[in-house]
Structures are given as C-alpha cells and as structure tokens.
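Q:
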Amino acid sequence: MLFRSDQLGILGYSRGGGAALLRAARTGADNPIVDVSGMVTGQVQGFGFPLPTDVNVVASAAAIHAPTLALHGTDDSIIPAAQTLLLATALQNAGTGVNVHWYPGYNHDLLNHPETRADIVARGSVWLHQRLASSAAPAVTRRGRDASDRKSTRL
Numbered sequence: 137m138l139f140r141s142d143q144l145g146i147l148g149y150s151r152g153g154g155a156a157l158l159r160a161a162r163t164g165a166d167n168p169i170v171d172v173s174g175m176v177t178g179q180v181q182g183f184g185f186p187l188p189t190d191v192n193v194v195a196s197a198a199a200i201h202a203p204t205l206a207l208h209g210t211d212d213s214i215i216p217a218a219q220t221l222l223l224a225t226a227l228q229n230a231g232t233g234v235n236v237h238w239y240p241g242y243n244h245d246l247l248n249h250p251e252t253r254a255d256i257v258a259r260g261s262v263w264l265h266q267r268l269a270s271s272a273a274p275a276v277t278r279r280g281r282d283a284s285d286r287k288s289t290r291l
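Just so it is clear: in the sequence shown, position 65 is 201 by the numbering used here, and no numbers are missing.
1. CA-CA distance, T163 and T220?
2. Which stretch, first to last residue, makes up the alpha helix (DSSP H) that contains V257?
3. Buried or exposed for N167, please, with buried defined as at least 16 other CB atoms from any protein chain shown within 10 angstroms of its CB.
4. Measure the C-alpha to C-alpha separation of G209 and W263 and round it to an integer number of angstroms.
5. Could you tell me the alpha carbon to alpha carbon distance between A198 and L223, rounded to whole angstroms?
6. Rounded to whole angstroms, what's the CA-CA distance from G174 to D142? Just pull it up for me.
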C-alpha cells in the first residue's frame with residue numbers, strides 16, 4: 137500500500153520527540169508531530185552523568201512549521217517539564233501551532249502506566265487524524281477511480 141508524504145504524522149518519545157522536531161527544523165517538513173516527554177534543549181538529568189546530545193530544538197524553533205502536540209509529565213526527573221514549556225513558548229513565538237497536555241505527578245515513564253499510555257495513544261491518534269484529515273485526498277483504486285465510485289475496488 138502506498139501513502140502520500142503529506143499523510144505522515146510522527147510520534148517521538150524522549151530523544152525521539154526531539155529528533156522528530158529537529159527533523160522539521162532542518163528539513164522544513166511540516167508533518168504533524170506528537171512529542172512525548174521530548175528532549176528539546178539538549179539537557180538530560182537523572183542518570184548521574186551527562187549524556188551526549190546535540191538535540192537543541194528550542195534554538196531552532198523559528199525553523200519549525202510542523203503543528204506539534206507536546207505531552208509531558210510534570211514530575212519528569214529525566215527531561216524536566218520546563219523543556220516542554222520552553223519549546224511551546226518558542227514555537228508560539230515563531231507562529232507555529234502547538235498544543236501542550238500535562239500529566240500531573242507523572243515522571244518520564246508515561247508509557248509504563250496504563251492510564252497515561254492509553255491517554256497518549258487516544259489523544260495523539262485523535263490529534264494526528266484531525267491534522268491529517270485536512271490534507272486527505274480520495275483513495276485511488278485499481279481502476280483509477282476514487283472510493284466514491286461504486287464500481288471500483290480498494291487496493
């Protein structure tokens with residue numbers, strides 16, 4: 137099955153969230169991004185030693201045009217919630233759409249808790265579908281007709 141690049145949404149967790157945003161900054165891609173507890177200033181805590189990283193998305197926020205949903209636990213000891221606040225402020229200042237949802241009392245391990253994992257999947261899915269639906273085109277079929285043609289067959 138083929139897909140169009142404008143129908144791609146990206147979800148990244150921790151360093152993956154920062155990487156998804158950095159991709160948008162460096163390439164100009166505007167695919168919607170769900171950033172879960174993303175490392176966006178290049179700083180991490182909680183390991184007892186510094187981790188090597190060059191992910192500083194906040195400094196590149198003006199180059200990001202991808203709508204972003206940021207999800208973060210308020211008690212994150214690895215990637216402080218302040219990073220998401222800095223990111224949201226920088227994206228807003230750059231005119232990029234950003235939504236933030238906080239998980240009060242939760243640490244960096246949001247996906248290890250059934251209630252937050254379920255919420256992230258549901259919230260992220262709805263948010264991505266809303267953004268991707270606006271660029272949806274009719275499904276192309278084997279006969280070259282769109283899905284509204286009753287004689288066509290979906291691939």
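Glycine included, every Cβ here is placed at the ideal spot set by N, Cα and C.
A: Put simply:
1. 21 Å
2. P250 to A269
3. buried
4. 18 Å
5. 11 Å
6. For the pair G174 and D142, the Cα-to-Cα distance works out to about 23 Å.
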